[in-house]
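All remarks here apply to the structure that follows.
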Amino acid sequence: MKHLNLKTATFIFVCIFSFSLFTACKKEKEVSEVQKMLKSMTLEQKAQLVIGTGMLIELPEEMTKFMPDSILAKMPSGFNGIVKSKDTNYIKMVEKLWTYLPGTAGVTAEFSSLNITSQVLTDGPAGLRIKPIHKNTNQTFYCTAFPIATVLASTWDTQLVYSVGKAMGEEVKEYGSDILLAPALNIQRDPLCGRNFEYYSEDPLLTGKMAAAMVNGVQSNEVGTSIKHFAANNSETNRLSVNTIVSERALREIYLKGFEIAVKEAQPWTVMSSYNKINGTYASESEDLLTKILRDDWGFEGYVMTDWGGGSDLVAQMNAGNDMIQPGTPQQVEQLIELVKSGKLDENILDRNVERILNIMLKTPRFNNHSISNKPNLEAHASITRKAATDGMVLLKNDNKALPILKDVKNVATFGVTSLDIIAGGTGSGDVNEAYTISLFDGLINGGLTPDSELAEIYTKHIATERAKNLKSGNFLTDFMGGTVPVAEMSVSKEIAAKMANKNDIALITIGRNSGEGGDRKAESGDFYLNENEKEIIQNVSEAFHKNGKKVIVILNIGGVIETASWNSLPDAILCAWQPGQEAGNSIVDILKGDVNPSGKLAVSFPMSYDDTPTAKNFPGQEVKLVGEEDDKPDQSGFSFMKRVPWEIVYEEGIYVGYRYYNTFGVPVAYEFGYGLSYSTFEFSNLHLNSNKFEDNLQIYVDVKNTGHIAGREVVQIYISAPQGQLGKPEEELVAFAKTKSLQPGESERITFKIAAMDFASFNEKNSSWVVESGEYILKVGASSKDIRDKNTFTVSEDLNLETVSKALIPQQKINELKK
Ligand code: BGC
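As numbered in our numbering, the sequence shown has no gaps in its residue numbers, which increase by one up to the final residue, 948.
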């Protein structure tokens, strides 16, 4: 290496020194600015800042018209636009804040005389959720409905997810929000969780990397994120009171890991604590979770807010480090003031929490006088969502190259209600108000194909008749928030199928499912399983089209896993399009026509049947009888739609979630984690390691070659199998992954990975430390968790004790955990 000359070295030194000095000064200035503000605040103002200003819920006129005043009077503050406070100044302030961004989930207090600005907090994971139509203006405020998180994870492409985050963040900033209440990164523990569509994966590494990319992308706009729902919130049934009973090891390795990666790699501005209890304590009241783990172990620097109406004890929340209560009520403000005055809450704790909120405030667009344009680049974002969706769709089956469809295929019969009524995303706060959604029918036309109009008319009539029945989902929140309930499939007779097979070149059948917060799905026909009409469509259409030598393609327009094993032999191809966002139809047609070569891989396993899942016997939990039950009061958080039912769910499967279970216990699945086909083929070769003895880290090299005839991308997955040791280990664990660039036929790319001991460490509950046991490890490179293409080994010569962390979240009862 050349030696630096003295001049250059001095120059570099001066630069580094000045930069450090500048950063230190800036930090100091911020500290003193915050300190000044804090010193000037009254107790009332502090209380008003840590308690959100309520959520404006405008009830539809049809609902309130006949409602007696006595019922309206009982509604929480914010309902029907009424602020229920005795303090008229406070009411004035809140009414003003609520005009800032109609449809936002929350706003924090502002005190102009102290230069304390409001923070506008807005959902959610698939894009900004605001009201598209505002009073007194013709301008519209539509946002982009990006693909759901599961699609993004199925791209296995962190760069792409970063670009989606960047686009989302631009909408946050330009529409005047400060913090996006996303990403949501709970583990998809069970296929039936109603919010799985908002979550990335069953694997914590994939989850964490996706979340970090999303946070970095959003925050590159100098707006914030709130990673949620922290933590172990993997079901919706009785979500306000469910007690998740889970071992420390499963928590650290599975349920906290994704959050840990996101905090360490992206430093989100805020974290949203979850509704549930963990081992007996509400997440929002758990000092173990919010201080010991989040701040002490991981170094989180922002503030924590509750989920909307989460937890119940203000003092416990404040002490635990749950800095802000959302959405908050004026009564909670009064209560907090009282708690400080009576000495039940130490004012220093309140100050600490206020300080954290102010520190973040300094970074917000509102504080920094960003002038809101209300003109994000929706056109550019539509292209991003179209691309992200195609890259996350997973081709599950493609017999005899049924796809891409041949150039001479023109006439297309589209069966299934979601061909016309496509589902862009799930319901609840994860739903976006987009300007349009491209149906499959329209996508086909845009792609130069001709969908059968006679069939479309039959479906249009069926949809209209069913919609006129005012369909309800059975999930209170979905119905309350106007979520899309898919219309039930109509039956398709053999005659119609035959008629369509005679006049069309190919059949597409969509199967649609939707769900959302406040309810879980069911292991029943019409939900996890296909219903009779759906089975009949696949049966009759396959028979008729195959008789004519024509292909049948099934397209899954779903937000969570469904059963496929009993019917997947019938069609020629199956494309899992998930819920792909507003460009849905265009994205699907890009894949069908081969304009985009599919490269998505499953971020979650598709079991053969629901009973095969490791969590089936512990989902969604059960009611418990508690002595002296205090949680049964209806309105503890001041914002409660539902009565709290004492409920618990025991994670008996421990660390054996998803493929960690199926692969270890030899349980066959329909489609495994990491699986997905391409129109091309890829060969992996030259797997080698920098050393077969593990020192500080391991470098892994592998060559990937496109051996097919179409350009495409492949996902390279690195799994490790650990030797038999003290701690049971899953058969395989994902430790790294990468996606190739687009490789032309015959082109190769060398992929390099670097993994550290922490990437394959286990959590030892005995001394709360991350350890790697000595022995011979097998390193596998695969195109899926089952399709392992090559292996190598390395040894760890002695046990490694990597890091001792806080003893925290200890279960109060013995868990009968699954062991290998
Ligand atoms: C959801 C959160 C959401 C919040 C605000 C809650 O019901 O669980 O994910 O961010 O509402 O809308």
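Built from N, CA and C at the ideal position, the CB exists for glycine as well.
Taking 8 Å as the upper bound for CB-CB distance, A277 and Y328 are in contact here, some 5 Å apart. Cβ-Cβ distances below 7 Å link S896 to T932, V933, S934, K935 in the same chain, with the five nearest sequence neighbours on each side left out; the list follows chain order.
In chain order, the residues that have a beta carbon nearer than 5 Å to some heavy atom of ligand 1 are A233, D251, L309, D435, W436, S557. Between the C-alpha atoms of P708 and D251 there is a straight-line separation of about 18 Å.
Beta-bridge partners of M452 (DSSP): M433.
It is roughly 50 Å from the alpha-carbon of K515 to the alpha-carbon of Q463. N668 is the residue among M736, R649, N668 whose C-alpha sits nearest the C-alpha of I624. For the pair of segments examined, the segment 771 to 789 was found to touch the segment 359 to 379: the number of CB pairs separated by less than 8 Å reaches three. Cα atoms of D215 and I307: separation of roughly 28 Å, rounded to the nearest angstrom.
Inter-segment contact for the segment 333 to 343 and the segment 394 to 410 is present: three or more beta-carbon pairs are separated by less than 8 Å.
Counting of Cβ neighbours within 10 angstroms places Y383 among the buried residues, the total reaching 16 or more. Residue range 332 to 347 is occupied by the alpha helix (DSSP H) that includes N344. Around the beta carbon of S890, a 10 Å sphere encloses 16 or more other beta carbons of the protein chains shown; the residue is thus reported as buried.
With contacts defined by Cβ atoms closer than 8 Å, L368 and M770 form a contacting pair. Under the DSSP definition of a beta bridge, G644 partners with T555. Per DSSP, the continuous alpha helix (DSSP H) segment holding K224 begins and ends at 216 to 225. In the same chain as Q460, and ignoring 5 residues on each side of it, the C-beta atoms closer than 7 Å to its own belong to I179, L442, I453, G766, in chain order. A contact is defined here as three or more CB-CB pairs under 8 Å, and the segment 482 to 499 fails this definition with respect to the segment 676 to 696. For the pair A312 and K356, the Cα-to-Cα distance works out to about 5 Å. For T419 and I315, the gap between their C-alpha atoms comes out near 22 Å. Per the DSSP secondary-structure output, A701 pairs in a beta bridge with N526, I681. For S282, the enclosing alpha helix (DSSP H) begins and ends at 277 to 283. Here R772 is buried: its Cβ has 16 or more other Cβ atoms, across all protein chains shown, within 10 Å. Distance from I883 to L826 at the Cβ level is roughly 5 Å; contact confirmed, criterion being Cβ atoms closer than 8 Å.
Listed as beta-bridge partners of K867 by DSSP are V843. Nearest neighbour of W775 by Cα position, chosen from F274, E156, V468, I406, turns out to be I406. Nearest in C-alpha terms to I185, of all of P455, V899, N505, is P455. Boundaries for G910: no alpha helix (DSSP H) harbours it, while the beta strand (DSSP E) harbouring it runs 903 to 910, taken from the DSSP string. Per DSSP, the unbroken alpha helix (DSSP H) holding I465 starts and ends at 458 to 469. Residue pairing by DSSP places K405 opposite N371, Y410 in a beta bridge. Between E901 and T923, the beta carbon gap of about 11 Å keeps them out of contact (Cβ cut-off 8 Å). For G644 against R917, the beta-carbon gap comes to about 39 Å, at or over 8 Å, which does not count as contact. Non-local beta-carbon contacts of E893 in its own chain, meaning distances under 6 Å to residues more than five positions away in sequence, involve E376, R377 in chain order.
Within its own chain, the residues whose Cβ lies closer than 6 Å to the Cβ of T868, once the five positions on either side in sequence are excluded, are V832, R841, E842, E877, listed in chain order.
Bounds of the alpha helix (DSSP H) holding S198 are 197 to 202. When beta bridges are read from the DSSP output, Q750 appears opposite E776.
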